[in-house]
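In the working numbering, the protein residues as written are 28 to 174.
Glycine included, C-beta positions come from ideal geometry on N, C-alpha and C.
This structure is a prediction, so every number in the text was calculated from the model and none was measured.
Encoded as structure tokens, the structure appears first; notes follow it.
Okay, structure coming up:
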């Protein structure tokens, strides 16, 4: 029925169309359509690579740059914490503990402002509790930990 309707309207059946019967505009449209498809494929690949979705590995230079940025961010966080002053100030209600005859108060000190004996006691407590865990992953060095 569709074939008959096309014949009656004057349009040939798509399967029975000869290339010689094609109009020049049809061929031009076909070529431009194919070119547009190829262009879209190239743009998609470019978009994938620029958005990080591509399978391209980052170069050594890019890896070093990313590692450097992460290190700089970590250093910035540490410096901000050091310059913040009393880090326990937002937790004032939790700094004092008074129950069952036990009266405790948690204080914050920078390592450079602590007296020698107190610093040694803090270092020994830290070493006793953390050394084993550090040795499993990073290693323990007293000199580095005292900084």
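**OP:** In angstroms with no decimal places, state the Cα-to-Cα distance between residue 150 and residue 98.
**Re:** Reading the chain shown from its first residue, position 123 is the one you call residue 150. Reading the chain shown from its first residue, position 71 is the one you call residue 98. Rounded to the nearest angstrom, the gap between the Cα atoms of residue 150 and residue 98 is 25 Å.
Original post:
Between which two residues does the beta strand (DSSP E) containing residue 123 stretch?
Top reply: Counted from its first residue, the chain shown places residue 123 at position 96. Its beta strand (DSSP E) spans residues 123-126.
Original post:
From which residue to which residue does the beta strand (DSSP E) around residue 132 run?
Top reply: For the purposes of this step, residue 132 is taken as the residue at position 105 of the chain shown. It spans 129-132 - the beta strand (DSSP E) in which residue 132 sits, taken as one unbroken run.
Original post:
I think residue 218 touches residue 124, with their Cβ atoms under 8 Å apart; what is that distance to the nearest whole Å?
Top reply: Any property of residue 218 remains undetermined from this structure, which presents the chain solely from 28 to 174.
Original post:
How many Å lie between residue 102 and residue 93 at the Cα?
Top reply: Counted from its first residue, the chain shown places residue 102 at position 75. Counted from its first residue, the chain shown places residue 93 at position 66. So the alpha carbons of these two residues sit roughly 14 Å apart.
**OP:** With DSSP collapsed to three states, give me the class of residue 69.
**Re:** Along the chain shown, read from residue 1 onward, the residue named residue 69 stands at position 42. When DSSP states are grouped into helix, strand and coil, residue 69 belongs to the helix group.
Original post:
Would a C-beta distance cut-off of 9 Å place residue 154 and residue 167 closer than the cut-off?
Top reply: In the chain shown, counting from the first residue as 1, residue 154 sits at position 127. In the chain shown, counting from the first residue as 1, residue 167 sits at position 140. A Cβ-Cβ contact shorter than 9 Å links residue 154 with residue 167.
Subject >> Nearest-angstrom beta carbon gap, residue 146 and residue 113 [assumed within contact, 8 Å] >> reply: As a working note, residue 113 is residue 86 in the chain shown. As a working note, residue 146 is residue 119 in the chain shown. In this structure, residue 113 and residue 146 do not form a Cβ contact; the two beta carbons are roughly 18 Å apart against a cut-off of 8 Å.
Original post:
Based on Cα-Cα distance, which residue from 156, 139, 159, 157 lies nearest to residue 174?
Top reply: Start at 1 with the first residue of the chain shown, and residue 174 comes out as number 147. Nearest of 156, 139, 159, 157 to residue 174, Cα basis: 139.
Original post:
Can the beta-carbon of residue 121 be found less than 9 Å from the beta-carbon of residue 105?
Top reply: For this step, residue 121 is matched to residue 94 along the chain shown. For this step, residue 105 is matched to residue 78 along the chain shown. Taking 9 Å as the Cβ cut-off, residue 121 and residue 105 do not qualify as a contacting pair.
Original post:
Would you say residue 137 and residue 109 are within 9 Å of each other, going by their C-beta atoms?
Top reply: Mapped onto the chain shown, residue 137 falls at position 110. Mapped onto the chain shown, residue 109 falls at position 82. Yes, these two residues count as a Cβ contact at 9 Å.
Subject >> Delimiting residues of the alpha helix (DSSP H) encompassing residue 119 >> reply: Against the chain shown, residue 119 aligns to sequence position 92. Element bounds for residue 119: n/a, residue is neither H nor E.
Subject >> Local conformation of residue 168 per DSSP, three classes >> reply: Mapped onto the chain shown, residue 168 falls at position 141. It is coil, neither helix nor strand.
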